[in-house]
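> Before we start, here is the structure in question, set down as structure tokens.
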Amino acid sequence: MDEKIKRLLRWARGGKSLPYSLELSPTLRCNLNCLFCWRYGKRVESENELRLEEYKKILREAFELKIREIRIIGGGEPLLRKDTFKIMKEVKIYGMFGYICTNGTLFSEKTIKELVEIGWDHVKFSLHAPDKETQDFLTQHASFEKITKNIKSFVEWKKKLKSEKPKLEIGLVLNKLNFKKIPLMVKLAKKLEVQAFFIEPITVYTKKGKELKLTKEEAEKFEKIAKVSYQLANNLETNLQQFFSPELIERTGKMIEEIKKLNKE
């Protein structure tokens, strides 16, 4: 039986069950300025970030608690901190499953090779369009070529070192500028030889995000696009089937508004 299920069952039966996964957020800073992001147009400082030694202590305690998975995420770009790679190496020293969500622009050939060598498990790249013009506009930086180059480099090093790891995933925030291009995104994902492609409906944090949110009519149109894209996906792991109905898009778009209402109450 899967370890996650075992722990949930133990908890459901009133037993003591330790966490399976731990999320780390090394920084809220970012080198991009995505139009749909909560931090669009904001300057975030590094003064409240934990030091490397503190992260090492957290990982040691996580290992002692039998936590099996470390997910490096955050509201910023984790790799903007140079020592995030040291944190990642520490994760693998303890034999834990390592996951990172990144915009993918800050890897070097050296760090890519090292991550394949240590058996890092999963890298999720944020790539929001199949073309340079749209991607670079959405991120307000020249990011498309850097990201696709680094994905290709991961694939090459996996082949050279005969490694199945890391699993490579592309994650996309669905919006007005890219929803018609999802079939092309699926084709790009397959061309880049990633294993997974997942879509996330836009969460409206700002006025700019509200402008990018799909209208009801656009969300309904996306039903057909999602079905066509799903057929193209073949062996690509994906969540496109969740968008065969516009409900998820609508609910996610209203999420922050609902939270604000609850806070007022």
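Quick note on the working numbering: the sequence shown kicks off at 3 and runs consecutively. C-beta: ideal position from N, C-alpha, C; glycine also. Predicted model only: the values in this text are computed from it and were never measured.
Could you pull out every residue in the same chain whose Cβ sits closer than 8 Å to the Cβ of Y22, ignoring the five residues on either side in sequence?
The sequence position of residue 22 within the sequence shown is 20, counting from 1. If we look at Y22 and ignore the five residues flanking it on each side, its Cβ neighbours are E5, K6, R9, I69, R70 and E71.
> Expressed to the nearest angstrom, what Euclidean distance is found between the alpha-carbon atoms of T104 and F146?
Here residue 104 refers to the residue found at position 102 when the sequence shown is read from its first residue. Here residue 146 refers to the residue found at position 144 when the sequence shown is read from its first residue. One C-alpha to the other measures close to 13 Å.
> Going by the CB atoms, is the gap between I172 and A191 shorter than 8 Å?
If you number the sequence shown from 1, residue 191 lands on position 189. If you number the sequence shown from 1, residue 172 lands on position 170. Yes. Within cutoff.
> Check whether the Cβ atoms of Y118 and K169 sit closer than 8 Å, and answer yes or no.
As a working note, residue 118 is residue 116 in the sequence shown. As a working note, residue 169 is residue 167 in the sequence shown. Note that residue 118 is Val in the sequence shown here, rather than Tyr. Taking 8 Å as the Cβ cut-off, V118 and K169 do not qualify as a contacting pair.
> Taking the straight line between their C-alpha atoms, what separation do you get for D123 and K115?
As a position in the sequence shown, residue 123 is number 121, starting the count at 1. As a position in the sequence shown, residue 115 is number 113, starting the count at 1. If I take the Cα positions, the gap works out to 13 Å.
> So which of E49, R73, Q243 and N237 has the shortest CA-CA distance to K226?
Against the sequence shown, residue 226 aligns to sequence position 224. Cα-wise, what sits closest to K226 is Q243.
> In the DSSP assignment, what are the bridge partners of E25?
As a first step, residue 25 is located in the sequence shown; it is residue number 23 there, counting from the start. In the DSSP output, where bridge partners are listed per residue, E25 has R73.
> Short of 6 Å in beta carbon distance, which residues of its chain neighbour E51, apart from the five on each side in sequence? Order them along the chain.
On the sequence shown, position 49 is the one that residue 51 refers to. So the qualifying residues of the chain are T29.
> Per the contact definition of three or more C-beta pairs closer than 8 Å, is the region 194-201 in contact with the region 173-183?
Yes, the region 173-183 is in contact with the region 194-201.
> Among T205, T240 and G121, which one has its Cα closest to the Cα of P185?
As a position in the sequence shown, residue 185 is number 183, starting the count at 1. For P185, the nearest C-alpha among the options comes from T240.
> Keeping to the same chain, check which residues put their C-beta closer than 6 Å to that of F87; ignore five residues upstream and five downstream.
As a working note, residue 87 is residue 85 in the sequence shown. These residues qualify, in order along the chain: T113.
> Looking at the structure shown, is A198 part of a helix, part of a strand, or coil, going by DSSP?
Here residue 198 refers to the residue found at position 196 of the sequence shown. Three-state result, A198: strand.
> Can you give me the C-alpha to C-alpha distance between L54 and L26, rounded to a whole angstrom?
The residue given as residue 54 occupies position 52 in the sequence shown. The residue given as residue 26 occupies position 24 in the sequence shown. Looking at the two C-alpha atoms, the distance is approximately 12 Å.
> Would I204 and F38 qualify as a contact pair, given that the criterion is a beta-carbon distance under 8 Å?
Looking up residue 204 in the sequence shown gives position 202. Looking up residue 38 in the sequence shown gives position 36. Contact flag set, yes.
> Along the chain, where does the beta strand (DSSP E) that runs through I89 open and close?
To locate residue 89, count along the sequence shown from 1; it is residue 87. Here I89 belongs to no beta strand (DSSP E); instead the alpha helix (DSSP H) covers T86 to I95.
> Decide if G78 is buried, meaning its Cβ has at least 16 other Cβ atoms within 10 Å, or exposed.
The residue you call residue 78 lines up with position 76 of the sequence shown. That one is buried.
> Could you give the first and the last residue of the continuous beta strand (DSSP E) run that contains K186?
Working through the sequence shown from its first residue, we reach residue 186 at position 184. The residue asked about is misnamed: residue 186 is Leu in this sequence, not Lys. Looking at the DSSP string, L186 is not in any beta strand (DSSP E); the run it does join, the alpha helix (DSSP H), is I184 to K193.
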